[in-house]
């Protein structure tokens with residue numbers, strides 16, 4: 008993706024790009040159609056966690072790729088999945104210090120992404136806890152590095168916390184109904200509401216939030232105070248024009 012458009016492709020098992028998926032040796036190939044003259048950012052996304060019987064792996068990270076105007080093909084060096092051999096435990100609480108887990112109604116889910124990444128990289132959010140000592144925690148296997156932990160709960164929006172992981176790490180995240188949000192609506196050229204459009208807010212402070220529009224085409228993104236850029240993707244329409252310098256103040 009870049010600032011004005013996106014391009015998607017599945018992973019293929021061989022360089023003839025005929026069969027989707029990874030090969031028997033765990034090798035995959037991608038061939039992404041892009042427009043030259045732009046700098047592109049690559050993300051490898053999956054709904055599944057890549058793992059063996061003993062280990063989990065995170066997708067590789069890609070440096071931005073500049074495609075000079077008129078260039079027909081650019082071949083990137085081979086990238087490897089990263090061993091997730093560190094444990095991150097997330098203890099979710101309300102403002103009174105009570106533990107929130109899957110037995111609470113509504114119940115939270117936890118997502119983890121690398122600092123600076125625009126999209127979640129580790130499969131689906133974690134919605135079931137693991138017991139560590141006497142605590143119920145949401146547990147993820149991650150490589151060493153800096154992460155943004157995002158806790159989502161219906162009616163309470165999103166709570167975020169940054170953390171650097173070098174070994175087994177446990178953090179507390181407090182989530183409560185926030186008062187700060189970005190709201191809006193997405194319609195087609197005739198003014199009809201578009202349901203199910205994906206809306207993303209990326210903050211200059213590293214904050215991130217995402218949601219889908221409802222049956223009225225409206226959305227509400229709960230965020231911390233800061234300056235945000237908004238992106239939206241509408242099935243059948245593609246990427247919409249980015250809105251920048253959206254300022255959210257504390258209320």
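Numbering (my numbering), first residue to last: 8 to 258. By construction, the Cβ of each residue, glycine as well, lies at the ideal position given by its N, Cα and C atoms.
Quiz item: Is the distance from the Cβ of residue 100 to the Cβ of residue 106 below 8 angstroms?
Solution: The residue you call residue 100 lines up with position 93 of the chain shown. The residue you call residue 106 lines up with position 99 of the chain shown. The criterion of a C-beta distance shorter than 8 angstroms is satisfied by residue 100 and residue 106.
Quiz item: Out of 46, 27 and 30, which has the shortest C-alpha to C-alpha gap to residue 13?
Solution: Working through the chain shown from its first residue, we reach residue 13 at position 6. Closest option to residue 13, judged by alpha-carbon separation, among 46, 27 and 30: 46.
Quiz item: Alpha carbon to alpha carbon, what distance is there between residue 222 and residue 242?
Solution: For the purposes of this step, residue 242 is taken as residue 235 along the chain shown, with counting starting at 1. For the purposes of this step, residue 222 is taken as residue 215 along the chain shown, with counting starting at 1. C-alpha separation (whole angstroms): 15 angstroms.
Quiz item: Excluding sequence positions up to five away, which residues of its chain have a Cβ less than 7 angstroms from the Cβ of residue 59?
Solution: Reading the chain shown from its first residue, position 52 is the one you call residue 59. Excluding sequence neighbours, residue 59 sits near nothing in its chain.
Quiz item: In terms of residues, what are the limits of the beta strand (DSSP E) holding residue 159?
Solution: Position 152 of the chain shown, counted from the first residue, corresponds to residue 159. For residue 159, the enclosing beta strand (DSSP E) stretches over residues 152–160.
Practice problem: Could you tell me which uninterrupted beta strand (DSSP E) segments, each at least 3 residues in length, are contained entirely in the stretch 88–134, listed from first to last along the chain? | Solution: Entirely contained in the stretch 88–134, the beta strand (DSSP E) runs reaching 3 residues are, in chain order, 89–91, 93–100 and 116–121.
Exercise. Within 10 angstroms of the Cβ of residue 78, are there 16 or more other Cβ atoms? Answer buried if so, exposed if not.
Key: Within the chain shown, residue 78 is the residue found at index 71, counting from 1. Classification of residue 78: exposed, given that the 10 Å Cβ count is below 16.
Quiz item: Which one of 210, 209, 183 and 72 has the shortest CA to CA distance from residue 49?
Solution: On the chain shown, position 42 is the one that residue 49 refers to. Residue nearest to residue 49 within the set 210, 209, 183 and 72 is 72 (criterion: CA-CA distance).
Practice problem: Verify whether the separation of the beta carbon atoms of residue 167 and residue 224 is less than 8 angstroms. | Solution: Reading the chain shown from its first residue, position 160 is the one you call residue 167. Reading the chain shown from its first residue, position 217 is the one you call residue 224. Taking 8 angstroms as the Cβ cut-off, residue 167 and residue 224 do not qualify as a contacting pair.
Quiz item: So what does residue 219 bridge to, in DSSP terms?
Solution: Looking up residue 219 in the chain shown gives position 212. Its beta-bridge partners are 205.
Quiz prompt | Contact check, residue 204 vs residue 193, beta carbons under 8 angstroms | solution = For the purposes of this step, residue 204 is identified with residue 197 of the chain shown, where counting begins at 1. For the purposes of this step, residue 193 is identified with residue 186 of the chain shown, where counting begins at 1. Yes.
Quiz item: Identify the residues that DSSP records as bridge partners of residue 179: which are they?
Solution: Taking the first residue of the chain shown as 1, we reach residue 179 at position 172. 98.
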